[in-house]
Amino acid sequence: MTSTAAPWWRDAVIYQVYIRSFADSNGDGVGDIAGIRSRLPYLKSLGVDALWINPWYKSPMADHGYDVADYREIDPLFGTVAEAEQLIEEAHRLGIRVIPDIVPNHTSDQHAWFQAALAAGPGSPERERYVFRPGRGPDGAEPPNNWLSVFGGPAWTRLPDGEWYLHLFAPEQPDLNWQHREVRAEFESILRFWFSRGVDGFRIDVAHGLVKDPELPDLPPRREPESDGPRQHVDHPHWDRDEVHDIFRAWRKVADEFPGDRTFVAEAWADTPQRLAAYVREDGLHTAFNFDFLMSSWDPKALRAVIDDSLAVLGAVGAPATWVLSNHDVVRHPSRYGRMTVNQWVANEPYRPEGPLDLDLGTRRARAAVLLMLALPGGAYIYQGEELGLPEVEDLPEPVLQDPIWERSGHTDRGRDGCRVPLPWSGPAEPFGFSPDGAAAPWLPQPADWSERSVETQSGDETSMLELYRRALRLRREHPALGDGTLTWLDTPPGVLVFSRAPGFVCAVNLSPEPYRLPEHASVLLSGDPVENGLLAPDDAAWLAM
Ligand code: GLC
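Put into structure tokens, the structure is as follows:
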């Protein structure tokens, strides 16, 4: 698949497959590669351009695959390398590209390198590939610094031999030392291993975390986020350090060794849009997730500011924007938007919305939000199940919770399991077609009423979320105004966002409490709810042909 004009990734719609929860072919209650293969026709008919697949490598699954023990093996829970190759080939035959996740910030504690480091002991060259240090205090019983794990608790664990090792996530995920030549060489080799098996790119996990300040200084005291005024970048000892871009310049060279348009998308949390744009230079990565859009509340000013800033800053470096509403780490957006309280969401801080949930409202807004997202210039990500309007499952019983955040937070944060519940495909009862008949129970229980949300129930129902996604994706592919390009804002009353795109397209989103009279148009191409008398209801959006 070589490109003719602009490279495909500039405006691709990429569907995120959380492999554990997508489709289970062998009946063990956990999704797998064969399950993805069996559902390729569904993905084709949905109309996506590519799949991002969460980590499928050999892993003890302390963080569901984000703890990799062998980057050149597929975990037996999910399949084999041969099956991965089959999936890539079958997807390509359908015109769908495949982008696995790569996890370079840390390995599993079961990785051969970490096991060798443990065995070799303090001061050994094996330990230099990770971040081992003596402790502080008279007997070294204090961690080397005050860094915190993203999952809760200190970022250091002490070994019986007295040394401490760094893990910005779980203790089973020791951080690699990216100052080490062998670490760099090994990952370039892993990229080549998968590129030569046909993958079209990688999603880079925790791209902003690889380089640490070599002095490992303490974190400065936490500053309260300022609600007003422009956001500012603050130098941080382990997030978003400038030196990280050297690594990705080298990765870009590796990608460019292969034919076709191979691509990288960075999971990078940056203080400002300018800092994010630094990841996507001509000689760096291709795109980065725009978490500002995902973190924005359902608020016209906030959304418009995010859109303008993203387009301006990325446009200045010639990169396309990417838009994303949900993923496997955050509360599903119908459940975020269905709450009246506007919470301040700070990057790298846990965010669990509070207050009563109005799921009908959240769902209406989710319908409007996807029309907004898919009309914006650039690429977009769809997290599996959002096309079914799945809400966050907020009442999973405590004994089934599996996210390490639950334990690490001392049971104060329920973690991310609520957005990872296996998909409902068909049928009246669990497992709703997720697994074959007679299978083990799904690894997380599904809500009893999810038959209403299944692919089978929604297919052909013109009012369903699934059909809205299908139509939107079809229109987006066909309409010459959509995808890469620019937009022009139109003057509107407060609370309404309306922009035009050439040729002949307008997107209107009503975030105000009043119905909004749409501008003169030739026809309504698509809307969340039917438009009556030219009026767009509150919390709805419409695509217009002009
Ligand atoms: C990223 C992943 C998340 C994982 C973490 C550690 O943020 O998206 O799921 O837990 O990295 O690898």
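According to the working numbering, the residues represented by the sequence shown are 1092 to 1637, in order.
The C-beta atom is built at its ideal place from N, Cα and C for all residues, glycine as well.
Ignore the nearest five residues each way along the sequence and tell me which others in residue 1244's own chain have a CB closer than 7 Å to its CB.
-> Here the question's residue 1244 lines up with position 153 in the sequence shown. So the list reads 1499, once near-sequence residues are dropped.
My understanding is that residue 1302 touches residue 1334, with C-beta atoms under 8 Å, so please give their C-beta distance in whole angstroms.
-> For the purposes of this step, residue 1302 is identified with residue 211 of the sequence shown, where counting begins at 1. For the purposes of this step, residue 1334 is identified with residue 243 of the sequence shown, where counting begins at 1. Right, their Cβ atoms sit about 5 Å apart.
Would you check if there are 3 or more beta carbon pairs closer than 8 Å linking the segment 1522-1534 to the segment 1115-1131?
-> yes
Just the Cα atoms here: how many angstroms apart are residue 1092 and residue 1346?
-> The sequence position of residue 1092 within the sequence shown is 1, counting from 1. The sequence position of residue 1346 within the sequence shown is 255, counting from 1. Because the pLDDT of residue 1092 is 45, which lies under 50, any placement of that residue in the model is unreliable, and the number read from its coordinates should be weighed accordingly. So the alpha carbons of these two residues sit roughly 15 Å apart.
Is it a yes or a no for the segment 1271-1278 touching the segment 1509-1527, going by three-plus beta-carbon pairs under 8 Å?
-> no
Sorry if obvious, but does the Cβ on residue 1157 come closer than 7 Å to a heavy atom of the ligand GLC?
-> Within the sequence shown, residue 1157 is the residue found at index 66, counting from 1. Result yes, Cβ under 7 Å from the ligand GLC.
Classification of residue 1149 by the beta-carbon crowding that lies within 10 angstroms, buried from 16 upward | Numbered from its first residue, the sequence shown carries residue 1149 at position 58. Under this definition residue 1149 is a buried residue.
Would you identify the three-state DSSP class for residue 1370, choosing helix, strand or coil?
-> What you label residue 1370 is simply residue 279 of the sequence shown in a count that begins at 1. Note: residue 1370 maps to coil in three-state DSSP.
Please report how far the alpha carbon of residue 1140 lies from the alpha carbon of residue 1189, in whole angstroms.
-> If you number the sequence shown from 1, residue 1140 lands on position 49. If you number the sequence shown from 1, residue 1189 lands on position 98. Looking at the two C-alpha atoms, the distance is approximately 9 Å.
Is residue 1642 near the ligand GLC, in the sense that its beta carbon is under 7 Å from a heavy atom of that ligand?
-> Summary: the structure shown does not reach residue 1642, with the chain confined to residues 1092 through 1637, and so no result is reported for it.
Please find out if some non-hydrogen atom of the ligand GLC comes closer than 7 Å to the beta-carbon of residue 1222.
-> As a first step, residue 1222 must be located in the sequence shown, where it is residue number 131. Residue 1222: no, Cβ never under 7 Å from the ligand GLC.
Delimiting residues of the beta strand (DSSP E) encompassing residue 1644 | Because the chain is modelled from 1092 through 1637, residue 1644 falls outside the range shown and cannot be assessed.
Pairwise C-alpha distance: residue 1508 and residue 1490 | Your numbering for residue 1490 matches position 399 in the sequence shown. Your numbering for residue 1508 matches position 417 in the sequence shown. In a straight line, the C-alpha of residue 1490 is about 12 Å away from that of residue 1508.
Tell me whether the beta-carbon of residue 1144 lies closer than 8 Å to the beta-carbon of residue 1192.
-> Position 53 of the sequence shown holds residue 1144. Position 101 of the sequence shown holds residue 1192. Yes; because the gap between Cβ atoms is below 8 Å, this pair is in contact.
Regarding residue 1355 and the ligand GLC, is the C-beta to nearest heavy atom distance less than 7 Å?
-> On the sequence shown, residue 1355 is found 264 positions in, with the first residue counted as 1. No, since every heavy atom of the ligand GLC falls outside the 7 Å radius drawn around the Cβ of residue 1355.
Tell me residue 1193's beta-bridge partners as DSSP assigns them.
-> The sequence position of residue 1193 within the sequence shown is 102, counting from 1. In DSSP, residue 1193 forms a bridge with 1295.
Could you spell out the range, first to last residue, of the beta strand (DSSP E) harbouring residue 1105?
-> Counting from 1 along the sequence shown, the entry for residue 1105 is found at position 14. Start and end: 1104-1108.
Could you round the C-beta distance between residue 1426 and residue 1474 to whole angstroms and report it? I think they count as a contact, below 8 Å.
-> Reading the sequence shown from its first residue, position 335 is the one you call residue 1426. Reading the sequence shown from its first residue, position 383 is the one you call residue 1474. The pair is not a contact, with the Cβ atoms about 13 Å apart (cut-off 8 Å).
Indicate the three-state DSSP secondary structure (helix, strand or coil) for residue 1094 in the structure shown.
-> The sequence position of residue 1094 within the sequence shown is 3, counting from 1. Caution applies to residue 1094, whose pLDDT of 44 falls short of 50 and renders its modelled position unreliable; the value that the coordinates give is listed next. The answer is coil: DSSP assigns residue 1094 none of H, G, I, E or B.
Would you say the beta carbon of residue 1169 comes nearer than 7 Å to a heavy atom of the ligand GLC?
-> By one-based count along the sequence shown, residue 1169 stands at place 78. Result no, Cβ not under 7 Å from the ligand GLC.
Flag residue 1260 as yes when its Cβ comes closer than 7 Å to any non-hydrogen atom of the ligand GLC, and as no otherwise.
-> Along the sequence shown, read from residue 1 onward, the residue named residue 1260 stands at position 169. Indeed, a heavy atom of the ligand GLC lies less than 7 Å from the Cβ.
Span of the alpha helix (DSSP H) around residue 1384 | Indexing the sequence shown from 1 puts residue 1384 at position 293. 1382-1386 is the extent of the alpha helix (DSSP H) around residue 1384.
For residue 1522, which residues from the same chain have a beta carbon less than 8 Å from its beta carbon, with the 5 sequence-adjacent residues on both sides left out?
-> Taking the first residue of the sequence shown as position 1, residue 1522 is located at position 431. 1115, 1120, 1513, 1530, 1532, 1533 and 1537.
Beta-carbon proximity of residue 1590 to residue 1573, cut-off 8 Å | One-based indexing of the sequence shown puts residue 1590 at position 499. One-based indexing of the sequence shown puts residue 1573 at position 482. No, they are not a contact pair.
Counting only runs that start and end within the segment 1277-1363, where is the beta strand (DSSP E) found for 3 or more residues in a row?
-> 1292-1295 and 1354-1357
Which residue or residues does DSSP assign as beta-bridge partners of residue 1247?
-> For the purposes of this step, residue 1247 is taken as the residue at position 156 of the sequence shown. In DSSP, residue 1247 forms a bridge with 1257.
To the nearest angstrom, how far is it from the Cα of residue 1619 to the Cα of residue 1627?
-> Translated into the one-based positions of the sequence shown, residue 1619 becomes position 528. Translated into the one-based positions of the sequence shown, residue 1627 becomes position 536. So the two alpha carbons sit approximately 10 Å from each other.
Cα-Cα separation, residue 1094 to residue 1352 = For the purposes of this step, residue 1094 is taken as the residue at position 3 of the sequence shown. For the purposes of this step, residue 1352 is taken as the residue at position 261 of the sequence shown. For residue 1094, the predicted model reports a pLDDT of 44, less than 50, meaning its position is unreliable; a value from the coordinates is still stated below. Each residue's Cα considered, the two are about 7 Å apart.
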